[in-house]
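Chains as they are written, first to last, in the working numbering: chain Y, 97 to 226; chain B, 97 to 226; chain V, 97 to 226; chain W, 97 to 226.
One structure below.
Protein chains: 4
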Amino acid sequence: MSPLDLTVDHSPFHRLIGLVLLRAKDGEVEMRLPWQEAFGRSDRSDWYHGGILSALVDIAGDYAVASRLGRWVATIDLRVDYLRPALKGDLVARARAIKVGRTVGVADVELMDEKGAVVAIGRCAYSTSA
Amino acid sequence: MSPLDLTVDHSPFHRLIGLVLLRAKDGEVEMRLPWQEAFGRSDRSDWYHGGILSALVDIAGDYAVASRLGRWVATIDLRVDYLRPALKGDLVARARAIKVGRTVGVADVELMDEKGAVVAIGRCAYSTSA
Amino acid sequence: MSPLDLTVDHSPFHRLIGLVLLRAKDGEVEMRLPWQEAFGRSDRSDWYHGGILSALVDIAGDYAVASRLGRWVATIDLRVDYLRPALKGDLVARARAIKVGRTVGVADVELMDEKGAVVAIGRCAYSTSA
Amino acid sequence: MSPLDLTVDHSPFHRLIGLVLLRAKDGEVEMRLPWQEAFGRSDRSDWYHGGILSALVDIAGDYAVASRLGRWVATIDLRVDYLRPALKGDLVARARAIKVGRTVGVADVELMDEKGAVVAIGRCAYSTSA
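So this is what it looks like as structure tokens:
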């Protein structure tokens with residue numbers, strides 16, 4: 097079996113948002129999302145739209161489980177808690193698989209702004225059955 | 097007080113994804129998301145990336161609560177359940193405010209594909225305090 | 097195959113809380129929880145403790161999926177939103193299976209007080225793989 | 097102002113389940129739930145009923161936020177992920193406030209069995225406005 101190709105550029109959506117994979121191994125993932133003006137909540141603010149944050153949570157959690165399982169997984173459900181406004185600037189996502197079972201995998205995700213403050217956290221369940 | 101301007105084009109992110117507001121009134125919202133190739137999960141599939149679905153859930157729920165409250169609200173947290181793969185084609189989001197309290201609002205969201213099948217459901221909590 | 101015995105009294109926990117099954121068929125469930133003083137949040141209030149509400153959500157959702165699947169299911173995760181204080185008095189739980197797939201089932205639950213007001217809502221994911 | 101009385105025995109529900117508070121200070125909480133036969137899932141198993149676990153998650157998270165805020169808080173919503181079956185024996189809950197804001201507090205909770213294995217995790221949002 098060839099190992100899973102843990103890169104992000106095979107996905108049109110990942111390319112749209114310019115996602116950068118920093119590392120993905122053994123259930124630990126780190127990604128970077130460079131700021132784009134198109135991510136703004138409104139023309140009158142410097143905040144990220146929350147929609148881009150929840151997308152980032154989903155992706156990072158998926159790679160965390162996949163990096164330990166050795167194949168891609170489908171999201172069952174996810175929860176995102178927005179802890180503080182995310183100001184424009186690059187974001188870093190850190191995800192960790194906390195369970196990779198026979199039918200379900202669970203990952204925890206933290207999104208940090210450029211100063212290292214956690215702006216949102218996510219918890220995601222994935223289907224791991226083949 | 098001028099009424100809340102319930103349109104979607106003030107947001108760079110809404111323009112990026114090409115969101116169309118069909119109606120938003122009294123806690124009931126309907127939006128349409130026309131398909132773009134950039135929404136694809138992978139170059140080898142015709143499925144939506146889940147990240148775009150969770151963003152749509154968040155936006156539709158927000159407008160549902162805002163349309164009853166009369167001002168914008170910030171997302172506290174959200175849950176998305178992915179019920180079946182969303183194939184390429186336009187999506188419709190229907191959201192309904194099920195609580196608009198003094199400090200918290202809650203909305204339920206359904207995402208439907210072109211055939212009317214529900215592909216994902218969301219439940220979101222928003223901060224309603226001024 | 098003998099049909100699943102959809103009663104509630106095989107469980108010590110169900111007996112502890114005095115749960116009454118009203119109906120469970122084809123993914124639709126209705127249960128009643130008669131009030132007990134032991135369910136109180138505090139000695140100085142007439143409110144239910146939230147913990148008993150989340151338990152009721154979990155049970156009702158489980159029976160909804162099981163009643164359609166024909167076998168018991170294990171909870172993957174659940175979300176409960178508390179919409180208003182639940183005052184002492186009997187509660188009714190109504191649950192509905194909204195997906196019963198090969199690996200995952202999803203149920204929606206509403207908890208109503210004696211006046212029919214919805215006091216809490218739940219959304220639960222269950223593992224349906226054999 | 098007298099400090100918040102962070103004990104657990106003022107609640108009939110806490111007394112019903114025999115909850116023991118080990119510590120609650122500055123957003124960090126530890127509780128113990130001694131096993132009772134009434135917590136069993138079924139007469140034919142040695143597993144906890146999931147309903148008692150979600151109740152424990154809610155309580156521990158609440159105390160975590162309250163211990164930092166200095167007053168009681170009401171649960172907005174919660175998520176519980178069941179990671180493995182909880183076998184009979186005492187449980188320990190560890191909760192940590194990860195945000196205590198002006199309107200919302202968020203807590204993370206872990207439930208551990210007697211061997212220290214994490215059987216369930218919870219994430220809860222509470223209303224902190226006075």
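Backbone N, C-alpha and C define an ideal beta-carbon position, used for all residues, glycine too.
Ala-170/W: first and last residue of the uninterrupted beta strand (DSSP E) it sits in: In the DSSP assignment, Ala-170/W falls within the unbroken beta strand (DSSP E) covering 170-178.
CB contact check: Arg-229/B to chain W, cutoff 9 Å: Lying before the first or after the last residue shown, residue 229/B is absent from chain B, which here runs from 97 to 226.
Nearest-angstrom Cα separation, counted from Arg-192/B out to Ser-138/Y: Cα to Cα, the separation comes out at about 23 Å.
Rounded distance between the beta-carbons of Gly-114/Y and Gln-132/Y, thought under 8 Å: Indeed they touch by this definition, with Cβ atoms about 6 Å apart.
Which of helix, strand or coil DSSP assigns to Ser-223/B: The three-state reading of DSSP puts Ser-223/B in strand, counting E and B together.
Delimiting residues of the alpha helix (DSSP H) encompassing Asp-158/B: It spans 146-165 - the alpha helix (DSSP H) in which Asp-158/B sits, taken as one unbroken run.
Span of the beta strand (DSSP E), counted from its first residue to its last, around Leu-129/V: Unbroken beta strand (DSSP E) run through Leu-129/V: 124-129.
Interface partners of Val-196/V on chain Y, CB under 7 Å: What Val-196/V touches in chain Y: nothing, since even the nearest Cβ is about 14 Å away.
Separation of Val-169/Y from Met-127/Y, as counted between CA atoms: Take the alpha-carbon of Met-127/Y and the one of Val-169/Y: they are about 18 Å apart.
Pairwise C-alpha distance: Leu-117/Y and Val-104/Y: C-alpha separation (whole angstroms): 7 Å.
Near the ligand ATP: Gly-185/Y beta-carbon under 8 Å from a heavy atom: Among the ligands in the structure shown, none appear at all, so the ligand ATP cannot be discussed.
Between the CA atoms of Arg-140/Y and His-145/W - distance to the nearest angstrom: Here the C-alpha atom of His-145/W lies approximately 50 Å from the C-alpha atom of Arg-140/Y.
Arg-175/V, buried or exposed, once every other Cβ within 10 Å from all chains shown has been counted against 16: Buried, by the Cβ-count rule.
Ala-160/V vs Val-205/V beta-carbon contact at 9 Å: Contact flag set, yes.
Leu-112/V, DSSP secondary structure in three states: If DSSP states are grouped into helix, strand and coil, Leu-112/V belongs with the helices.
Within chain W, partners of Ala-233/Y - CB distance below 8 Å: Missing from the structure shown is residue 233/Y; chain Y here goes from 97 to 226 and no further.
Beta-carbon proximity list for Asp-154/Y, same chain, < 7 Å, skipping 5 on both sides: Counting only Cβ-Cβ distances below 7 Å, and skipping sequence neighbours, we find Thr-171, Leu-174, Cys-220.
Partner residues on chain V for Gly-202/B, Cβ-Cβ distance less than 9 Å: What sits at residue 202/B in the sequence shown is Val, not Gly. From the beta-carbon of Val-202/B, the residues of chain V found nearer than 9 Å are Asp-177, Leu-179, Ile-217.
Assigned secondary structure, Lys-211/W (DSSP; H/G/I helix, E/B strand, else coil): In the three-state scheme derived from DSSP, where H, G and I count as helix and E and B as strand, Lys-211/W is classed as coil.
Proximity test, Cβ basis, 9 Å: Val-214/Y and chain W: So, interface residue.
Positions along the segment 136-155 of chain B whose CB lies within less than 7 Å of some CB in chain Y: From the segment 136-155 of chain B, only Gly-136, Arg-137, Ser-138, Asp-139, His-145, Gly-146, Gly-147, Ile-148, Ser-150, Ala-151, Asp-154, Ile-155 have a Cβ closer than 7 Å to chain Y.
Status (buried if at least 16 other CB within 10 Å, exposed otherwise) for Arg-167/V: Under the 10 Å beta carbon count, Arg-167/V is surrounded by fewer than 16 other beta carbons and is classified as exposed.
Buried/exposed call for Lys-121/V, threshold 16 Cβ in 10 Å: Lys-121/V comes out exposed.
Assigned secondary structure, Ala-182/B (DSSP; H/G/I helix, E/B strand, else coil): Three-state DSSP puts Ala-182/B in coil, outside helix and strand.
is_contact[Pro-130/B, chain Y] using C-beta, thresh 9 Å: No, because no Cβ of chain Y sits closer than 9 Å to the Cβ of Pro-130/B.
First and last residue of the uninterrupted beta strand (DSSP E) at Ala-189/V: For Ala-189/V, the enclosing beta strand (DSSP E) has its first and last residue at 187-196.
Test: Asp-158/W CB closer than 9 Å to a CB of chain B: No, Asp-158/W does not count as interfacial toward chain B.
Supposed contact pair Leu-165/Y and Leu-187/Y - C-beta distance, whole angstroms, cut 8 Å: Taking 8 Å as the upper bound for CB-CB distance, Leu-187/Y and Leu-165/Y are not in contact here, some 25 Å apart.
Top-ranked residue by Cα proximity to Tyr-178/W, from Met-208/W, Asp-142/W, Pro-108/W, Tyr-222/W: Here the closest residue by C-alpha is Met-208/W.
Pair within 9 Å by beta-carbon distance, Ser-232/W and Arg-198/W: An answer regarding residue 232/W cannot be provided, because it is not within the stretch 97 to 226 covered by chain W.
Whether Gly-212/W touches Ser-150/W by CB criterion (9 Å): Not closer than 9 Å, so no.
Buried/exposed call for Gly-201/W, threshold 16 Cβ in 10 Å: Around the beta-carbon of Gly-201/W, 16 or more other beta-carbon atoms lie within 10 Å, marking it buried.
Any chain Y beta carbon closer than 9 Å to Thr-103/V: Not flagged as an interface residue toward chain Y: Thr-103/V, since no C-beta distance is shorter than 9 Å.
Partners in chain W for Ile-172/B, counting only beta-carbon separations shorter than 9 Å: Residues of chain W with a Cβ closer than 9 Å to the Cβ of Ile-172/B are, in chain order, Ile-172, Asp-173, Thr-199, Val-200, Val-202, Ala-221.
Residue from Gly-123/W, Gly-185/W, Phe-135/W, Phe-109/W with nearest C-alpha to Trp-109/V: Checking the displayed sequence, the identity of residue 109/V turns out to be Phe instead of Trp. Residue Phe-135/W is the option with its Cα nearest to Phe-109/V.
Rounded separation between Arg-180/W and Val-196/V - CA only: Arg-180/W and Val-196/V have their C-alpha atoms roughly 21 Å apart.
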